[in-house]
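*Asks:* Under the numbering used here, residues 859 to 1101 are what the sequence shown spells out, in order.
We treat Cβ as the ideally placed atom computed from N, Cα and C, and that holds for glycine.
Mind looking over this structure? Questions follow.
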Amino acid sequence: MSNAQSPASSPAGSSKYAQELAEFRQRISQDGHVEAQLRAGGEPGLLGTSGIDDETLLRWLKAEKYSVSKAEKRLRAHAQWRKEYVPLGRIEESEILPELEADKTFLQGCDNCIHAVDLERNPTGKTCAIFDLRGLGFDAMDRPVLQAVFDLLQNHYPERLGKLWMYEAPTMFWTLWHLVSPFIDPETKQKVVFVNSKSAISEFQKAIDPSVLPTDYGGQAELIPLQVYVKDHLPKTEVNHKG
């Protein structure tokens, strides 16, 4: 389950770090390679026919504590990754059909702050999620997979995570977490909250409206499979384009 922060015309921090932002934009725009690769990979946050918006650049700057050189290196690496791993500019449903058919990923809507996963209203905001770990067996305790999730967030979706609730983590999971957590950025780690059945409902209800929160977690909503939510909320022309 996720949420997204509404985009603003003047992103927070754009005035305070105007000098760093201007330098970052100038470096990234020098050869045109980054923008071209991002466009080829279908990256959101590109303005009209040219340019990368301030909000996108500020996310990368903030992730590197406003070090322009580090942010440039990281964004260039991401642009190359995007071009290589999303060559069509989007992920086709056929590419992840087994995962979709497993019905293990759900997209619900807005939280109490009107931060939403609504792809039309809030296309560039943060994401909140519940990882339901009930019934997780030893065979699913995969360190590389868990580390890959956080590597993906940190290296390719900086400043996207709002909060991640780990729900009902079994005892065995803690061993895995202690192996992986030292490699997670401290700011990202602070957004990870472990909750059990006793504390979870009140925790979820503070953040998520009952009409959005699934019944399994103390709300009133039915779970909405990812593919259903996307088809219902994307513009019809875009859904048809994606097949």
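Identify the continuous alpha helix (DSSP H) that holds K874 and give its terminal residues.
*Replies:* No alpha helix (DSSP H) holds K874; DSSP gives it neither H nor E.
*Asks:* My parser needs the beta strand (DSSP E) runs of 3 or more residues fully inside the segment 988-1032; what are they?
*Replies:* 1019-1025
*Asks:* Check the C-beta distance from L1034 over to L1004 and give it rounded, since I have them as a contact under 8 Å.
*Replies:* 6 Å
*Asks:* Using the three-state DSSP reduction, which class does A862 fall into: helix, strand or coil?
*Replies:* Note on A862: pLDDT 36, under 50, position unreliable in the model; the coordinate value appears next. In this structure, A862 counts as coil in the three-state DSSP scheme.
*Asks:* Only counting the same chain, and skipping five residues up and downstream in sequence, which positions put a Cβ closer than 7 Å to that of G903?
*Replies:* I910, D911, E913, T914, T982
*Asks:* Three or more C-beta pairs under 8 Å: does that hold for the segment 936-945 against the segment 985-994?
*Replies:* no
*Asks:* Return yes when the Cβ of R932 is within less than 8 Å of the Cβ of G900, no when it is not.
*Replies:* Not in contact: G900 and R932 (Cβ atoms no closer than 8 Å).
*Asks:* Going along the chain, which residues of its own chain have a beta-carbon closer than 6 Å to the beta-carbon of L958, five neighbours each way excluded?
*Replies:* Q1085
*Asks:* What residue range is occupied by the uninterrupted alpha helix (DSSP H) comprising F1052?
*Replies:* That residue, F1052, is in no alpha helix (DSSP H); its beta strand (DSSP E) goes 1050-1053.
*Asks:* Taking P1016 as the reference, give the member of K1049, E893, Y943, K962 with the closest Cα.
*Replies:* K1049 is the residue among K1049, E893, Y943, K962 whose C-alpha sits nearest the C-alpha of P1016.
*Asks:* Determine the DSSP secondary structure at A898, reduced to helix, strand or coil.
*Replies:* helix
*Asks:* Touching or not, the segment 1035-1045 and the segment 1060-1071, by the rule of three or more beta carbon pairs under 8 Å?
*Replies:* no
*Asks:* DSSP three-state call for A935: helix, strand or coil?
*Replies:* helix
*Asks:* Helix, strand or coil: how does DSSP classify V1086 here?
*Replies:* helix
*Asks:* Could you tell me the alpha carbon to alpha carbon distance between H1036 and S908, rounded to whole angstroms?
*Replies:* 44 Å
*Asks:* Quick check on the burial criterion: 16 or more other C-beta atoms within 10 angstroms. Buried or exposed for A974?
*Replies:* Low local confidence applies: a pLDDT of 45 at A974 is under 50, so the model's placement there is unreliable, with the coordinate-based value given in what follows. So A974 ends up on the buried side.
*Asks:* Looking only at DSSP bridge pairs, what is L1037 linked to?
*Replies:* In DSSP, L1037 forms no bridge with anything.
*Asks:* Are there 16 or more other CB atoms within 10 angstroms of the CB of F996, so buried, or fewer, so exposed?
*Replies:* exposed
*Asks:* Taking DSSP as the reference, what is the three-state secondary structure of P1072?
*Replies:* strand
*Asks:* Would you call W1023 buried or exposed, if buried means 16 or more other Cβ atoms sit within 10 Å of its Cβ?
*Replies:* buried
*Asks:* Quick check on L904: does DSSP put it in helix, strand or coil?
*Replies:* Three-state result, L904: strand.
*Asks:* Is the beta carbon of V926 less than 8 Å from the beta carbon of E878?
*Replies:* yes
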